[in-house]
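Undergrad: Here the sequence shown is numbered in our numbering, starting from -17 and rising by one per residue.
All residues carry an ideal CB built from backbone N, CA and C; glycine is no exception.
Predicted, not measured: the structure shown is a model, and the values here were computed from it.
Let me give you the structure first, and then I'll get to my questions.
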Amino acid sequence: MEASLQVLSAESIETRSEERRLELALERVRYEAEYTQRQYEAVDPCNRLVAAELEARWNTALTQVAEAEAVLVPISNPRQTLSEEERNRLLSTGLKSERGLE
-17 MEASLQVLSA
-7 ESIETRSEER
3 RLELALERVR
13 YEAEYTQRQY
23 EAVDPCNRLV
33 AAELEARWNT
43 ALTQVAEAEA
53 VLVPISNPRQ
63 TLSEEERNRL
73 LSTGLKSERG
83 LE
């Protein structure tokens, strides 16, 4: 029982770490999308080749933002974790059943 609870705790820590890494990656691609948008909006409309290239970069950045958000959503909805009370109750139940005191 204790080993199972330790595994759950380790998974929870691992999930939070992965979620933070993905949040930082999302923040980075959002910044890049905003930066490419500013570049696109600042270009002279008469310079069509430059405008077309900047628009393509902006669209690529927006696609990367959508992909990063799609990856983060499932991780942001983690499995329910046990409260300290639930954990203690499971441990005591496990100890009782080991001793045959059910």
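Find the nearest neighbour of Tyr13 within the set Arg71, Ala52 and Thr42, judged by alpha-carbon distance.
TA: Thr42
Undergrad: Is it right to say Thr18 is buried, meaning 16 or more other beta carbons lie within 10 angstroms of its own, or is it exposed?
TA: buried
Undergrad: Expressed to the nearest angstrom, what Euclidean distance is found between the alpha-carbon atoms of Glu84 and Glu67?
TA: Confidence in Glu84 is poor, its pLDDT being 47 and thus under 50, which makes the residue's placement too unreliable to answer from.
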